Amino acid sequence: MFEIFIGGWSNSKSVIRKNRSKPDVTEAETPAILDANEFRGFWIRWNDGALSVGKEGEHSAFMTCNDPEIAMINHFGVCTGWGASGEWLIEGQLINLIRPVKNTKIMKIKLADI
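Under the UniProt record's numbering, residues 1 to 114 are what the sequence shown spells out, in order.
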């Protein structure tokens, strides 16, 4: 299992963690990457043993992890970190991967650290 933390540690850094274990496999300083007053978009890609995370509208990733187990990713989950609140909206090709939940509209990924 790979975990991606965006804007953790009081909105100061982002990390990729494997199997809920430390040390983190990848870490990036990302001060103020989230904003409680606006939604920010991000993309996550995985293929050929690489897991990359970037900002919407930017081609280059701000975090990348290389591991042969990445090719076996077939599920994902989304949550807001402990002690924080936020909203998530999912859009794009992910809609085909998510089973609809009654009375829930899933439109696009937006993050807010409130």
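For each residue, glycine too, the CB sits at the ideal point set by N, CA and C. Source: prediction; values computed, not measured.
Assignment of Gly83 by DSSP, reduced to helix, strand and coil, places it in the coil class.
With respect to Asp24, Ile33 sits apart: the two C-beta atoms are not nearer than 8 Å.
Secondary structure of Ala32 (DSSP, three-state): coil. The three-state reading of DSSP puts Ser10 in helix, counting H, G and I together.
The three-state secondary structure of Glu69, taken from DSSP, is helix. Nearest C-alpha to Thr26 among Ile70, Thr64, Glu87 and Pro68: Thr64.
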